[in-house]
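Below is one structure; the comments refer to it alone.
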Amino acid sequence: MGIGNRIKGAAEELGGKAKEALGNLTDDERLRREGIADQGRGQGRQDAEKAAEQVEGTFEKAGGRVKGAAGALSGDERKQAEGKFEEMKGEIRQKINK
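Sequential numbering from 41 applies to the sequence shown in the working numbering.
Here is the structure:
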């Protein structure tokens with residue numbers, strides 16, 4: 041997981057668009073189809089990475105809630121704050137990867 045896969049996916053998609061355009065310009069049907077396939081693979085890689093980040097954000101958010109609740113029960117303000125921070129981090133991760 042990570043931004044590396046998103047970058048690879050975007051690069052593959054961009055390369056596919058270039059390949060498709062070149063195939064259209066040169067009337068090369070094989071090259072055009074390869075470009076379309078590359079675009080699909082690139083988009084798929086990006087979508088898979090977004091989904092993985094969404095799941096990670098969900099776990100982060102839940103873990104933060106648990107930590108915050110434990111802090112509230114024990115009167116530990118630091119643990120409450122850390123829990124809230126983790127919860128917010130998870131929410132941000134989810135929003136970025138919609």
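Just so you know, even glycine gets a beta-carbon here, dropped at the ideal spot from N, CA and C.
* **Check: residue 104 C-beta below 7 angstroms from any heavy atom of the ligand HEM** => Ligands are entirely absent from the displayed structure, and the ligand HEM is therefore not among its contents.
* **For residue 137, the first and last residue of its enclosing alpha helix (DSSP H)** => No alpha helix (DSSP H) contains residue 137, which DSSP labels as neither H nor E.
* To do: Name the two residues that bound the continuous alpha helix (DSSP H) containing residue 78.
  => It spans 69–114 - the alpha helix (DSSP H) in which residue 78 sits, taken as one unbroken run.
* Flag this pair as yes or no: are the beta carbons of residue 49 and residue 93 separated by less than 8 angstroms? => Contact check for residue 49 against residue 93 fails: the beta carbons are separated by 8 angstroms or more.
* Which value, in whole angstroms, describes the spacing of the CA atoms of residue 64 and residue 72? -> Linking residue 64 to residue 72 through their CA atoms gives a straight-line distance of about 6 angstroms.
* Asked: Among residues of its own chain, excluding the 5 on either side of residue 45, which ones have a beta-carbon nearer than 7 angstroms to its beta-carbon?
  -> Closer than 7 angstroms at Cβ, skipping near neighbours: 85, 89.
* Asked: Alpha carbon to alpha carbon, what distance is there between residue 60 and residue 127?
  -> Put simply, the backbone Cα of residue 127 is about 43 angstroms away from that of residue 60.
* **Separation of residue 95 from residue 111, as counted between CA atoms** => Approximately 24 angstroms between the Cα atoms of the pair.
* Asked: When you compare each of 56, 136, 114 to residue 70 by their alpha carbons, which one comes out closest?
  -> When C-alpha distances from residue 70 are compared across 56, 136, 114, the shortest belongs to 56.
* To do: For residue 138, count neighbouring C-beta atoms within 10 Å of its own C-beta (all shown protein chains included) and say buried if the count is 16 or more, exposed if not.
  => By the 10 Å Cβ count, residue 138 comes out exposed.
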